[in-house]
Each structure stands twice: as structure tokens, then as C-alpha cells.
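Undergrad: My structure is below; once you've seen it, I'll send some questions.
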Amino acid sequence: MKYISLFFVMLCSYTLVQATVVLEERKMKLKEFPCSSCHGDFVNEKAKFPLSKPHDSLKFKHMDSIKNCYTCHDKDDRDFLKLHAGEKISFDESYKLCFQCHGEKKRDWQAGIHGKQIGSWNGDKYKFVCTSCHEAHHPKFRMMKADPAPKHPRGKQSQAQGGH
Amino acid sequence: MSKKLDNKLQNLMENSLGKKVKRRGFLKTLVTDSAATVVPVKTASAFSFEKFFQKHYKELSAEQKKKVFARITKEQKDKFGVDIKILDPNPLDGVKYAYALNLSTCNGSRKCVTACAEENNIPAEIGSYIKVLEMPIGTMNPEKGTLFYEGKQVPKDGKYYLPVQCNHCDNSPCTKVCPVEATWKEKDGIVVVDYDWCIGCRYCQAACPYEARHFNFKEPTIDVSKLNTQQSYLSNRVRPKGVMEKCTFCLQRSRNGQYPACLEACPTGARKFGNILDPKSEINQIFKKKRVFVLKEELNTMPQFFYYFD
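In order, the protein sequence lines correspond to chains A and B.
Every letter in the first sequence is one number past the one before it in my numbering, and letter 60, counting from 1, is 60.
Every letter in the second sequence is one number past the one before it in my numbering, and letter 138, counting from 1, is 1138.
See below:
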């Protein structure tokens, strides 16, 4: 009994010390999830679910040799993704799909070097996944509008580059 | 008229020569005169009197600190009509802070600049503690960069962006030149300023090779609606006129375990902050896996702000 309680205390202290890292969920961010609400059962009920809005606006600029949606999406169950090895994964684990090719980024992301993390530097963290910043279909980071520039001490006329 | 003045002078001379000035009498007049000059100060404002004779931050006892914080709280209540909270987080044991910035991913959007100004109650005249330089690709010389770029679409082609702020040097030139020791390096590596002790000589501004220190030439203009009420004595409380101020790694946040405001605002995740003594921290992982460099290494300032490309 004594040993069991000791073990329990140790387990608790371990979980307390160990900082938790929460990953951002992908499903919550997708606008029209679950996908099966439109796609349905493709084999039998195709006529029942005509696509009112096909993916017209989808821009694809990732890798030229990818011509097929089913490289990443699961063909039979549209609510899931599929690894090359055939394993079905949830949209929340989409980073596993990216890491099949981007091994270097995987190492950096796991070490906390690549990608944004917020929360506490010595405690619990909220970690962003690949698709939080990179749109999976055109992964180059988006162009942004910069915040206003600082005031020039001599007014606008000397904004030109170079001294004097 | 001149005759009158001459007579007066003569009288004075005679008096002073004829009567030998005694030491005790001299001291007596000195004491009464000085008392007469001090008294009006005390009657003018009890608070300024208290502030005038306030000790250096390091010499304050816990009781005295409490009094000082109460005074600052009341001053700001009178000035802005807002209830603020003055905190004084102590340095954590076994912690030394360092910062790393990935120049490959920084896109020059200046979100850190805005977040810094909001968190630290920085007046519009100073702008922000962070400066983002737009640099042409192919040089590391900061003089080739421009601070005042307009960015409708960043990052621009052929440019990279170099944010510069206080480097919190281990061998800091700014703290050495201060004649009154109003600025010093804390145990956890943060260089701080005691705003009530600073005399505004601006030696530190001249000594800093990174232009990280800013001077309040005017009474700071604060937008009361945006005032951050969680303030700390050594970092983001509202500064008086005529003192230096600088980046403190958001001391009021980092000593409570949070990340600095600039890091949380960065949209690209280029900024990394952590404890250099913890082998598992992100900052130590960067040292192991990336090739880091510092600005103006040849000056031997030993900055704790590292840059890297990946």
C-alpha cells in the first residue's frame, strides 16, 4: 500500500512538472467540415449529393508532379487524409502528411525551432501546426501589409535612401 | 545714485573687515538660510519631495518599495484617472534569458513593433523599442538598410528584414558609462533602468552601438484608452520626462513565465525566446542545430540576441 501511494505521488509530480504542449486543431478552422456533408458516399449516392459549390476557387501551387487530390486525401472517406503508407489520419494530424517529404522541417518543428509557439517559455505551450500558417494547397507564406513606418525625424522629403 | 551705492558698499566693507566672522556664526547663518530654501519645496508638493529623496532601487527595502509603488499608482491615478497595478517580479533562479530571430522567415510586417509599443506604454515620440531594417540581399551592413520603408506587400523581392532591439549584452557598454548607476544588468541577463534614478545625461545612448536606447525629450503623450495597466517598476510603467528607456524583454511578462509581446505578435514565428541554461529550451536547440551570429561582434559586447538563417 505504501509503495502504491508513493508511486502515485511520483506519477502526479511527473505530470505536474512535465509541461504540456497543445497543438492547434485543424478541424475547427475548416469552413465546411465535415466534408462528407457534401461528398457523401461516392459509390452509391452520387446523384443525391450534387456539389453545389465545387472547389473552383482552389488554387494549387505546391509540387508540380502532384496532379491528383488522392495523393493526400482519402478517396473513400472524405473526412480523413491518407499517408503514402496507406494509414488513414485525421485532419488534426495533417502535419504527419507534410513530414513525409519535409524531413528537415519536421526535426525543427519537433524541437520547437520552426513555427510559432505561444504560451509560456517554461510551461504550457500552444503550438501551431504546418497548416496554421501555410495553406496546404499553396504553401508559400502569404503576402502581408506592413504596419505603418516610424516617423522620419526630418519629415517626408528625406525618405530617399542614402546619407546626406 | 552711484554715490548711494558706494556708501552702501563702503558700509559693508567696513562691517566685514571690522567684525571678525566667527565660525559658529557662519554655520548658524548657513543652516537658517538653507532651511529657508528647502522649506518651500516641501510645501509645494509633498509627493515631489518624497520622490526627490527616494533611494536607488537596489537600496530600497520591501517596506519602502511598497511606499514608492503606492506613490506611482497615485500619480498615475491623478494624471490619467486609471487604476494601475505596479508589479515588481524578481529574477528567477537558474534562468538567463536569450533571444533568437530567424531572418529567413521574418517578413518585415512590423507586427512586433506595434505590439511592443502597446505592451510597454511607449509614447508616440519614441515609437517603439524595435526597429525593422529593410536590407538589400547580399549585405549585412546595417547602414545599407532603410527604416522608413512602406510595405503594402511584404516581403518585397530582393530584400530581407533585420529587426533590431536591445541586445542585452553581457559586456554592456551602456551600463558602464552611467555616472549614477541608474542602469544595470540583472541576474537573469536583462538590462534595466531605474527611471527615478536616471538623470538624463544620455551617455548610455551614445555608448550603445545598437541604438537601442531612447530618450524622453518631452513629457510622454499616452493614449489613456490604450494604457497597459499591468505595469512593472523597472519596465513598462509610464516614464517621466527626461529619462532613458529601453527594451526589457517585457520583464513584466517574461518573469511570470510568459513570452515577450513581440514574440506573440510575430505572424511568422521567426522569434524565439527562452532560458539559455535549460538544455531543453528552444533557444538551446537553436544553438545546437543552427549557425547563429550576433550584430557587431567585433565590439566584444557579447549580445544575448542571436540571429540565424535556415
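Just so you know, even glycine gets a beta-carbon here, dropped at the ideal spot from N, CA and C.
Remember, it's a predicted structure, so these values are computed and weren't measured experimentally.
1) Using a C-beta to C-beta distance shorter than 8 angstroms, which residues of chain A count as neighbours of residue 1110 of chain B?
2) At 4 residues or longer, what runs of the alpha helix (DSSP H) sit wholly inside the segment 1118-1182 of chain B?
3) At least one CB of chain B closer than 8 angstroms to the CB of residue 122 of chain A: is that the case?
4) Residues of the segment 1263-1275 of chain B with a CB closer than 8 angstroms to any CB of chain A: list them in chain order, please.
5) Just the Cα atoms here: how many angstroms apart are residue 1205 of chain B and residue 1106 of chain B?
6) Kindly say whether residue 1217 of chain B, judged by its beta-carbon, lies nearer than 8 angstroms to any beta-carbon of chain A.
7) Give me the chain B residues within the contact set of residue 112 of chain A, using Cβ-Cβ distance strictly less than 7 angstroms, ordered along the chain.
8) If you draw a straight line from the alpha carbon of residue 1193 of chain B to that of residue 1116 of chain B, how long is it in whole angstroms?
9) Do you know offhand how far residue 1271 of chain B's Cα is from residue 1302 of chain B's?
10) Can you give the Cα-Cα distance for residue 112 of chain A and residue 1123 of chain B, rounded to whole angstroms?
11) From which residue to which residue does the beta strand (DSSP E) around residue 118 of chain A run?
12) Using a Cβ-Cβ cut-off of 8 angstroms (strictly less than) and excluding sequence neighbours within five positions of residue 1085 of chain B, which residues of its own chain qualify?
13) From residue 144 of chain A to residue 1109 of chain B, what does the alpha carbon distance come to, in whole angstroms?
14) Note down, in chain order, each residue of its chain lying with its Cβ closer than 6 angstroms to the Cβ of residue 115 of chain A, except the 5 sequence neighbours on either side.
15) Should residue 28 of chain A be counted as a contact of the ligand ZN given a C-beta to heavy atom distance under 7 angstroms?
16) Using a Cβ-Cβ cut-off of 6 angstroms (strictly less than) and excluding sequence neighbours within five positions of residue 97 of chain A, which residues of its own chain qualify?
17) Less than 8 angstroms separating the beta-carbons of residue 67 of chain A and residue 77 of chain A?
18) With DSSP as the reference, please indicate the residues paired to residue 1115 of chain B in a beta bridge.
19) Return the bridge partner residues of residue 84 of chain A from the DSSP annotation.
20) Going along chain A, which residues have a C-beta under 9 angstroms from residue 1114 of chain B?
21) According to DSSP, simplified to helix, strand and coil, what is residue 1232 of chain B?
22) Between the alpha carbons of residue 19 of chain A and residue 30 of chain A, how many angstroms are there, rounded?
23) Alpha carbon to alpha carbon, what distance is there between residue 1246 of chain B and residue 1234 of chain B?
24) Between the segment 1059-1078 of chain B and the segment 1259-1269 of chain B, are three or more C-beta pairs nearer than 8 angstroms?
25) For the segment 1139-1152 of chain B, enumerate the residues whose C-beta is nearer than 7 angstroms to any C-beta of chain A, in chain order.
26) If you measure beta-carbon to beta-carbon, which residues of the segment 124-146 of chain A are closer than 8 angstroms to chain B?
27) In three-state DSSP terms, what is residue 137 of chain A?
28) For the segment 1248-1264 of chain B against the segment 1181-1195 of chain B, do three or more pairs of beta-carbon atoms, one drawn from each stretch, fall closer than 8 angstroms, so that the two count as touching?
29) Give me the Cα-Cα distance between residue 118 of chain A and residue 1165 of chain B, rounded to the nearest whole angstrom.
30) Please list, in chain order, the chain A residues whose beta carbon lies closer than 8 angstroms to that of residue 1289 of chain B.
31) Against chain A, with Cβ distances strictly below 8 angstroms, would residue 1258 of chain B count as a contact?
32) Compare the C-beta of residue 152 of chain A against all C-beta atoms of chain B and say whether one is closer than 8 angstroms.
33) Taking the alpha carbon of residue 1295 of chain B as the reference point, which residue from B:1139, B:1285, B:1254 has its own alpha carbon closest?
34) Specify the secondary structure class of residue 100 of chain A as computed by DSSP and reduced to three states.
35) Residues bridged to residue 1184 of chain B by DSSP?
36) With residue 1284 of chain B as the anchor, note down where its alpha helix (DSSP H) starts and where it stops.
TA: Walking through what the data contain:
1) Numbered from 1 along the second sequence, position 110 holds the residue referred to as residue 1110 of chain B. Residues of chain A passing the Cβ test: 146, 147, 148, 149.
2) 1173-1177
3) Sequence index remark: in the first sequence, residue 122 of chain A carries index 122 (1-based). So, interface residue.
4) 1263, 1264, 1266, 1267, 1268, 1269, 1272, 1273, 1274, 1275
5) Translated into positions along the second sequence, residue 1205 of chain B becomes position 205. Translated into positions along the second sequence, residue 1106 of chain B becomes position 106. About 27 angstroms.
6) On the second sequence, residue 1217 of chain B is found 217 positions in, with the first residue counted as 1. No, residue 1217 of chain B lies away from the interface with chain A (no Cβ there is under 8 angstroms from its Cβ).
7) Counting from one through the first sequence, the residue named residue 112 of chain A turns up at place 112. Correct list: 1282, 1285.
8) Taking the second sequence and counting its residues from 1, the one referred to as residue 1193 of chain B is at position 193. Taking the second sequence and counting its residues from 1, the one referred to as residue 1116 of chain B is at position 116. Cα to Cα, residue 1193 of chain B sits roughly 17 angstroms from residue 1116 of chain B.
9) Numbered from 1 along the second sequence, position 271 holds the residue referred to as residue 1271 of chain B. Numbered from 1 along the second sequence, position 302 holds the residue referred to as residue 1302 of chain B. Distance between the alpha carbons of residue 1271 of chain B and residue 1302 of chain B is about 19 angstroms.
10) In the first sequence, residue 112 of chain A corresponds to position 112, counting from 1. In the second sequence, residue 1123 of chain B corresponds to position 123, counting from 1. Cα to Cα, the separation comes out at about 34 angstroms.
11) Taking the first sequence and counting its residues from 1, one reaches residue 118 of chain A at position 118. Start and end: 117-119.
12) Translated into positions along the second sequence, residue 1085 of chain B becomes position 85. Contacts found: 1073, 1229, 1230, 1231.
13) The count along the first sequence starts at 1 and reaches residue 144 of chain A at position 144. The count along the second sequence starts at 1 and reaches residue 1109 of chain B at position 109. Computed Cα separation, rounded: 7 angstroms.
14) Mapped onto the first sequence, residue 115 of chain A falls at position 115. Answer for residue 115 of chain A: 109, 128, listed in chain order.
15) Inclusion of the ligand ZN in the displayed structure is not the case, the ligand content being empty and no account of it being possible.
16) Position 97 of the first sequence, counted from the start, is the residue given in the question as residue 97 of chain A. Within the same chain, residue 97 of chain A has close Cβ partners 72, 81.
17) Translated into positions along the first sequence, residue 67 of chain A becomes position 67. Translated into positions along the first sequence, residue 77 of chain A becomes position 77. Taking 8 angstroms as the Cβ cut-off, residue 67 of chain A and residue 77 of chain A do not qualify as a contacting pair.
18) Within the second sequence, numbered from 1, the residue matching residue 1115 of chain B stands at position 115. DSSP lists no partner for residue 1115 of chain B.
19) For the purposes of this step, residue 84 of chain A is taken as the residue at position 84 of the first sequence. Answer by DSSP bridge pairing: none, since residue 84 of chain A is not bridged.
20) Translated into the one-based positions of the second sequence, residue 1114 of chain B becomes position 114. In chain order: 147, 148.
21) As a first step, residue 1232 of chain B is located in the second sequence; it is residue number 232 there, counting from the start. Strand, per DSSP.
22) Stepping through the first sequence from its first residue, residue 19 of chain A is reached at position 19. Stepping through the first sequence from its first residue, residue 30 of chain A is reached at position 30. Each residue's Cα considered, the two are about 28 angstroms apart.
23) Numbered from its first residue, the second sequence carries residue 1234 of chain B at position 234. Numbered from its first residue, the second sequence carries residue 1246 of chain B at position 246. Their Cα atoms are separated by approximately 10 angstroms.
24) no
25) 1146, 1147, 1148, 1149, 1150, 1151, 1152
26) 128, 133, 141, 143, 144, 145, 146
27) Here residue 137 of chain A refers to the residue found at position 137 when the first sequence is read from its first residue. It is coil, neither helix nor strand.
28) yes
29) Against the first sequence, residue 118 of chain A aligns to sequence position 118. Against the second sequence, residue 1165 of chain B aligns to sequence position 165. When rounded, the distance between both Cα atoms is 20 angstroms.
30) The residue you call residue 1289 of chain B lines up with position 289 of the second sequence. Chain A residues near residue 1289 of chain B: 107, 108, 111, 113.
31) Translated into positions along the second sequence, residue 1258 of chain B becomes position 258. Closer than 8 angstroms: yes.
32) Locating residue 152 of chain A in the first sequence gives position 152, where the first residue counts as 1. Closer than 8 angstroms: yes.
33) The count along the second sequence starts at 1 and reaches residue 1295 of chain B at position 295. Closest option to residue 1295 of chain B, Cα to Cα, is B:1139.
34) Here residue 100 of chain A is taken as the residue at index 100 of the first sequence, counted from 1. Note: residue 100 of chain A maps to coil in three-state DSSP.
35) Working through the second sequence from its first residue, we reach residue 1184 of chain B at position 184. According to DSSP, which records beta bridges pairwise, residue 1184 of chain B is partnered with B:1192.
36) Within the second sequence, numbered from 1, the residue matching residue 1284 of chain B stands at position 284. Looking at the DSSP string, the run of the alpha helix (DSSP H) that includes residue 1284 of chain B is 1282-1289.
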